[in-house]
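Structure first, then comments.
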Ligand code: CAP
Ligand code: MG
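In the working numbering, the protein residues as written are 6 to 423.
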């Protein structure tokens with residue numbers, strides 16, 4: 006097959022094609038069409054030279070069917086992929102092509118997954134409705150914290166900080182992404198002690214309290230840890246999906262534990278941040294939804310980490326909607342039976358940000374405050390109280406300023422982080 010055979014601008018994709026949207030910047034002296042041909046070729050059945058392949062192989066060649074400015078769309082016949090194998094799909098559509106000399110920059114912007122591939126993955130076990138049901142929270146946003154300092158705390162203090170956070174009004178307390186089982190705070194003891202505090206806080210407050218323990222580790226070890234969480238009655242496990250890898254995530258999901266899966270995306274920015282090259286967060290989010298995380302970090306717009314309102318709100322739609330509409334930089338997707346994933350906003354947030362987040366991302370969200378709770382001038386308990394007060398204000402349609410006149414913890418927080 007020659008490179009030109011991988012372009013057919015008259016081709017109309019069928020429901021049996023996986024579609025990719027790429028942004029292409031060809032290398033010096035290379036036309037966009039030539040770059041496009043080579044991307045389709047290398048990511049499907051071709052290589053750098055013709056190998057006189059059999060006729061039946063030709064049918065599996067990917068087709069560039071749209072070239073619009075620097076955006077191209079490629080259709081991949083679904084037979085190219087093994088069903089239920091996320092790494093396999095990525096090795097084609099997000100594999101060698103990023104390193105080809107023929108492109109200066111290449112960005113995988115979005116993917117559209119055909120029905121048969123969708124149906125070969127479980128998707129989230131609980132999704133938004135399931136989480137709201139077991140947390141018994143009808144319509145307000147969920148409030149969470151990350152125990153801080155992120156590393157270094159001893160187990161007893163970790164559990165105590167978690168306890169104060171729950172007492173103050175957090176629904177969720179999670180480990181930080183880089184806490185696993187270091188000597189100063191080992192997994193088993195931390196899990197037991199912190200869950201014990203969660204139960205105590207549940208009894209005291211009458212609310213459901215969840216501990217999102219980070220099980221990220223070598224896969225077999227991770228599974229042992231998840232098993233232990235199940236035995237001790239935990240509601241969630243947390244995994245760093247990019248660092249652990251999608252294969253590990255599949256192993257965790259397919260074990261079908263009772264717990265919901267909280268997906269932290271640490272390391273994603275190595276792929277996603279450079280808007281000209283790499284893989285967009287939209288694609289990583291699609292893969293995470295497909296495999297079946299129940300909640301996923303999507304950014305904050307206003308906090309400490311990069312991500313525009315446009316980007317974060319599109320991610321919010323991509324993971325929470327059943328049908329996603331096509332735009333210039335996004336493909337449509339019908340998620341069918343795959344449940345919606347709950348969005349998590351986290352990173353540099355404090356109570357003053359809550360009205361903005363609810364206005365732009367809606368109430369189906371987990372808002373997490375690490376520094377924004379434990380850095381409160383009067384400590385963790387007051388910090389958590391301030392966050393819940395801000396949520397109450399937003400739910401009642403009252404401005405934070407007005408609400409803080411009668412709520413001293415919120416008043417102190419707003420003063421401190423103004
Ligand atoms: C937040 C956080 C999270 C980031 C991840 C942190 O803490 O624990 O890891 O939110 O980013 O360490 O930064 P703070 P993202 O509330 O103290 O900032 O959600 O964008 O993936
Ligand atoms: Mg963190």
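Beta carbons are placed, not taken as given, at the ideal position from N, Cα and C, and that holds for glycine.
Quiz item: Is it true that the region 202-219 meets the region 158-175, where meeting means three or more beta-carbon pairs spaced less than 8 Å apart?
Solution: yes
Practice problem: Would you list the residues sitting across from residue 332 in a DSSP beta bridge? | Solution: 335
Self-check item: Exposure of residue 53, with buried meaning 16 or more beta-carbon neighbours within 10 Å
Solution: exposed
Quiz item: Among 82, 76, 47, which one has its Cα closest to the Cα of residue 61?
Solution: 82
Quiz item: Looking at residue 24 and residue 336, is the spacing between their C-beta atoms short of 9 Å?
Solution: Yes, the pair counts as a contact, with Cβ atoms nearer than the cut-off.
Quiz prompt | Residues of its chain near residue 230, where Cβ-Cβ distance is below 7 Å and the 5 sequence neighbours each way are ignored | solution = Correct list, in chain order: 192, 220, 222.
Practice problem: Taking the CB atoms as reference points, tell me whether residue 264 and residue 235 lie closer together than 9 Å. | Solution: Between residue 264 and residue 235, the gap from beta carbon to beta carbon is short of 9 Å.
Self-check item: Touch test, the region 334-348 against the region 380-387, Cβ-Cβ under 8 Å, three pairs minimum
Solution: Fewer than three pairs of CB atoms, one per stretch, sit closer than 8 Å, so the region 334-348 makes no contact with the region 380-387.
Quiz prompt | residue 154 in three-state terms, based on DSSP | solution = coil
Quiz item: What is the DSSP secondary structure of residue 282, counted as helix, strand or coil?
Solution: coil
Quiz item: Taking the alpha carbon of residue 90 as the point to measure from, which residue in 65, 254, 211, 316 has its own alpha carbon closest?
Solution: 254
Quiz item: Between residue 43 and the rest of its own chain, which residues show a CB-CB distance below 7 Å, the 5 nearest in sequence each way excluded?
Solution: Leaving aside the five residues that flank residue 43 on each side, the residues in its chain whose CB is nearer than 7 Å to its CB run, in chain order, 8, 105, 107.
Quiz prompt | Inter-residue Cα distance where the pair is residue 308 and residue 59 | solution = 54 Å
Quiz item: Cβ atoms of residue 92 and residue 250: under 9 Å apart, would you say?
Solution: yes
Quiz prompt | Given 8 Å, three or more beta-carbon pairs between the region 150-157 and the region 315-329 | solution = Flag = no, the region 150-157 and the region 315-329 do not touch.
Quiz item: Is any heavy atom in ligand 2 found nearer than 8 Å to the beta carbon of residue 350?
Solution: no
Quiz item: So is the beta-carbon of residue 169 under 8 Å away from any non-hydrogen atom of ligand 1?
Solution: no
Quiz prompt | Span separating the alpha-carbon of residue 126 from that of residue 146 | solution = 28 Å
Exercise. Check whether the Cβ atoms of residue 348 and residue 373 sit closer than 9 Å, and answer yes or no.
Key: No. Outside cutoff.
Self-check item: Length at least 4, wholly inside the region 88-118: the alpha helix (DSSP H) runs in chain order
Solution: 91-98
Exercise. Could you have a look at residue 163 and say whether DSSP puts it in helix, strand or coil?
Key: helix
Quiz item: Should residue 270 be labelled buried (16 or more other beta-carbon atoms within 10 Å of its own) or exposed?
Solution: buried
Quiz item: Does any heavy atom of ligand 1 sit closer than 8 Å to the C-beta of residue 78?
Solution: no
Self-check item: Inside the region 179-244 only - alpha helix (DSSP H) runs reaching at least 4 residues
Solution: 192-210, 224-236
Quiz item: What are the uninterrupted segments assigned as alpha helix (DSSP H) that are 4 or more residues long and contained completely in the region 269-327, given in chain order?
Solution: 274-277, 286-296, 314-325
Self-check item: At least 3 beta-carbon pairs within less than 8 Å: the region 290-302 vs the region 33-42
Solution: no
Quiz item: What is the DSSP secondary structure of residue 30, counted as helix, strand or coil?
Solution: strand
Exercise. State whether the region 174-190 contacts the region 407-414, with contact taken as three or more CB pairs (one from each stretch) at a distance under 8 Å.
Key: In the pairwise beta carbon analysis, the region 174-190 is classified as not touching the region 407-414: fewer than three pairs are separated by under 8 Å.
Practice problem: Could you check which residue in 272, 123, 121, 97 has the C-alpha nearest to that of residue 113? | Solution: 97
Practice problem: Report yes if the C-beta of residue 182 is less than 8 Å from at least one heavy atom of ligand 2; otherwise report no. | Solution: yes
Exercise. Name the one or two DSSP bridge partners that residue 147 has.
Key: 371
Practice problem: Can you grab the Cα-Cα spacing for the pair residue 306 / residue 353, in whole Å? | Solution: Roughly 10 Å between the two C-alpha positions.
Exercise. Return yes when the C-beta of residue 166 is under 8 Å from any heavy atom of ligand 2, and no when it is not.
Key: Because no heavy atom of ligand 2 lies under 8 Å away, the Cβ of residue 166 does not count as near it: no.
Quiz item: Where does residue 44 sit, in a helix, a strand or coil, going by DSSP?
Solution: Helix, per DSSP.
Quiz item: Going by alpha carbons, who is nearest to residue 256 out of 217, 297, 420?
Solution: 297
Quiz item: Under the DSSP definition of a beta bridge, which residues are partnered with residue 177?
Solution: 149, 215
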